[in-house]
């Protein structure tokens with residue numbers, strides 16, 4: 001079995017030859033101090049011996065890592081001096097080991113370099129030889145022949161070399177002399193030699209002094225009083241069955257177990273044959289563990305064995321008979337190690353966070369693994385889970401280094417719980433686990449990414465200013481500032497230079513806003529790019545293409561190209577021969593609409609004609625054709641009003657008046673036209689009717705309000721509901737007929753005769769087509785019936801038949 005010093009030397013040797021990424025051991029420093037050195041004494045200067053500067057010593061985080069439970073040394077980080085922290089007793093620490101060496105390591109925190117340090121504790125003569133007892137009594141029979149030998153107590157001196165036990169001397173006496181024997185292991189045994197026969201009657205006892213001395217300076221010594229009692233006849237001394245007993249005991253042997261049974265024989269008879277066993281020489285620690293039964297000779301356990309504290313116990317025993325004759329024997333008890341200590345892991349250095357771009361081989365931690373057991377029970381295996389991007393390698397002796405072995409990515413794993421498991425090779429196997437929490441620091445290595453490669457959105461023209469169009473969202477897997485995204489519109493307006501003032505994006509939310517109202521007829525499609533940039537350093541960005549489609553609204557009235565509106569107030573004239581057959585193409589109304597789709601689909605209809613049924617207009621072509629032969633009664637000048645409307649919702653329309661002259665030639669048509677008196681301007685009649693209608697509606701509305709107020713007051717007083725004979729309003733509320741500030745209204749007035757009977761459940765209205773260039777849209781025409789207010793004269797309660805009434809119908813068109 002290797003000694004402690006051999007282990008130390010072997011560990012130092014491996015540390016000196018080991019080289020890897022860590023450069024674990026760069027030197028071995030050796031110091032020597034005497035034992036019993038006072039606390040705080042200077043051992044050496046680490047800064048000078050390692051060639052470090054004092055500032056580097058503070059910045060690098062130097063640590064002392066020792067293997068024992070007691071820290072005997074401390075480092076002054078300002079001066080680099082190594083001091084003792086305890087008074088060191090070499091005998092207590094190393095016992096009889098020839099070289100007492102304390103090993104520890106100095107670890108540089110940042111570089112994680114390890115420097116081995118050996119401090120030899122030299123011996124001083126601080127212990128005098130001592131005997132296990134101050135008095136030894138020997139009982140010797142008077143018939144003992146000269147030359148007989150009797151063992152004496154052995155002195156103990158824990159010092160080494162010349163400071164240890166050097167010899168014995170006996171006080172002068174005529175009957176006895178001292179014989180000193182040296183064993184092969186260097187131990188000295190003393191025996192008292194009988195030189196002259198004893199006579200109990202002459203001198204019953206003899207008092208001697210045995211002195212043990214060492215070779216120190218000054219010389220130290222110890223004494224024991226030896227009393228020799230002269231006895232009468234006892235012919236045979238007891239004899240042990242073995243001169244040496246060697247046994248092996250496991251350290252987990254339970255208390256009370258028998259370690260060894262001593263046996264001896266005595267040929268005498270009677271009381272001289274009665275034997276008693278006792279310890280002759282035993283260490284104080286061993287006396288607390290072993291007990292010797294004086295009668296049976298069994299050595300049993302009364303304390304716990306611990307291999308790590310003491311591997312071997314040497315005990316000297318003796319047996320006495322009734323006549324005080326005795327024999328001695330040596331008992332060697334070897335303690336066998338069991339795997340009762342789990343490995344211990346000490347974190348020497350640890351970096352809790354590293355950047356994600358750290359290269360493989362970046363150091364993370366330095367571990368020191370110890371197992372107090374021996375042999376294979378102290379052999380350990382250190383491992384981490386195989387699925388982690390880290391590697392655990394042996395650095396030096398019992399040191400293990402934890403480094404990265406793959407590229408790290410914080411976006412995939414932001415932190416690692418690294419479990420380091422240390423198992424020994426004993427039976428049963430014991431293990432210890434240590435968990436490291438390693439944070440991965442983010443770097444700006446991921447640009448913002450849009451979920452789609454391109455985006456498209458739609459907005460209806462004539463939109464409100466400031467309306468949101470759509471929202472974009474980019475993702476950045478980085479962390480904190482590196483993931484903060486700022487959105488912007490890339491200003492590349494080569495095709496649409498006016499658009500910078502029309503588009504804006506919220507830099508934080510990515511919501512795109514329209515700052516102006518778009519016109520489909522001006523621009524129908526806008527292509528631009530949106531940039532997403534993170535807040536890293538340097539910043540990363542990505543662009544995405546966006547297409548904004550402008551949707552059409554029916555906001556354009558059809559424009560009539562032919563016949564073109566006259567500039568002098570006259571209308572265009574088309575000729576139609578009187579001999580024309582049905583289907584003759586008289587003219588064609590040509591119109592366009594700036595809208596698209598169904599908003600630009602145009603339809604034509606004949607709104608008004610001088611001779612109804614004489615002409616027809618193509619619904620989709622706008623062609624004006626005859627439907628029959630001309631008759632003599634037909635007027636020479638035919639006035640046609642053609643309505644052009646689109647297919648939007650609501651529908652918009654325009655009208656044009658086409659004058660057709662029935663003549664076979666131009667001269668004829670001119671002569672015929674000159675004979676026709678100028679017609680009354682219908683616009684003057686229209687203006688008159690409009691003014692009359694407005695006045696009438698105002699009066700009617702005022703009367704209606706007064707009547708409604710009276711009716712409400714009457715109902716409130718009588719708390720009754722009106723009968724069915726009250727005035728009935730159909731259509732929209734009265735409030736729709738009231739003028740609104742800021743809104744201009746145009747009033748069209750139509751008067752028609754309405755025939756109503758008492759039993760009529762539904763009013764029949766015959767509404768001829770009006771003549772107006774500002775025609776109503778199809779939606780307005782559809783709402784015409786709903787906006788009539790019918791004034792009825794309520795009959796008496798006797799149920800007389802209602803007479804025919806003339807009701808004026810009024811329509812207000814809100815522009």
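Residue numbers (this note's numbering): 1 to 815.
Glycine residues also receive a C-beta, built at the ideal position from the N, C-alpha and C atoms.
Remember, predicted model here, so these are calculated numbers, not experimental data.
Cβ-Cβ distance between residue i and residue j below 8 Å
i	j	result
residue 483	residue 534	yes
residue 159	residue 185	no
residue 598	residue 647	yes
residue 551	residue 460	yes
residue 406	residue 385	no
residue 656	residue 592	no
residue 517	residue 463	yes
residue 324	residue 196	no
residue 442	residue 480	yes
residue 611	residue 576	no
residue 573	residue 691	no
residue 361	residue 300	no
residue 457	residue 411	no
residue 554	residue 519	no
For residue i, the residue or residues it bridges with in DSSP
i	result
residue 488	531
residue 662	576
residue 44	82
residue 365	350 and 402
residue 148	In DSSP, residue 148 forms no bridge with anything.
residue 116	28 and 105
residue 34	122
residue 207	227
residue 559	592
residue 460	551
Residue burial classification, residue i (beta-carbon count within 10 angstroms, cutoff 16)
i	result
residue 817	Outside the modelled stretch of the chain, which goes from 1 to 815, sits residue 817, for which no answer is possible.
residue 819	No answer is possible for residue 819: it lies beyond the span of the chain, which begins at 1 and ends at 815.
residue 277	buried
residue 294	exposed
residue 212	buried
residue 645	buried
residue 47	buried
residue 562	exposed
residue 558	buried
residue 870	This structure cannot settle anything about residue 870, because the visible part of the chain is limited to 1 through 815.
residue 714	exposed
residue 175	buried
residue 718	exposed
residue 320	buried
residue 688	exposed
residue 71	exposed
residue 90	buried
residue 154	buried
residue 304	exposed
residue 281	buried
residue 151	buried
Supposed contact pair residue j and residue i - C-beta distance, whole angstroms, cut 8 Å
i	j	result
residue 244	residue 329	7 Å
residue 147	residue 194	7 Å
residue 101	residue 107	Incorrect: roughly 19 Å between the Cβ atoms, too far for contact.
residue 279	residue 264	Rounded, the Cβ-Cβ distance is 14 Å, inconsistent with contact.
residue 251	residue 123	Incorrect: roughly 30 Å between the Cβ atoms, too far for contact.
residue 507	residue 486	5 Å
residue 454	residue 545	4 Å
residue 625	residue 584	6 Å
residue 332	residue 314	5 Å
residue 129	residue 63	At roughly 43 Å, the Cβ-Cβ gap does not stay under 8 Å, so residue 129 and residue 63 are not in contact.
residue 431	residue 286	Residue 431 to residue 286, Cβ: 33 Å. No contact.
residue 37	residue 84	6 Å
residue 224	residue 318	That pair is no contact at about 16 Å.
residue 393	residue 423	With 8 Å as the limit, residue 393 and residue 423 do not qualify as a contact, their Cβ atoms being about 17 Å apart.
residue 617	residue 605	6 Å
The ligand SAH heavy atom lying under 7 Å from the CB of residue i
i	result
residue 97	Summarising the ligand content, the structure contains no ligands, and the ligand SAH is consequently not present.
- Let me know the beta strand (DSSP E) ranges lying completely inside the stretch 284–344, each 3 residues or longer, listed in chain order. Fully enclosed beta strand (DSSP E) runs of 3 or longer: 290–292, 298–301, 312–320 and 326–336.
- Message: Which complete beta strand (DSSP E) runs does the stretch 378–456 hold, if anything under 3 residues is left out?
- Response: 380–383, 390–396, 399–404, 415–424 and 431–441
- Query: Where in the stretch 139–203 do unbroken runs of the beta strand (DSSP E), each at least 3 residues long, occur, reported from the N-terminal end onward?
  - Reply: Counting only runs of 3 or more, we get 149–151, 165–170, 176–182 and 188–194.
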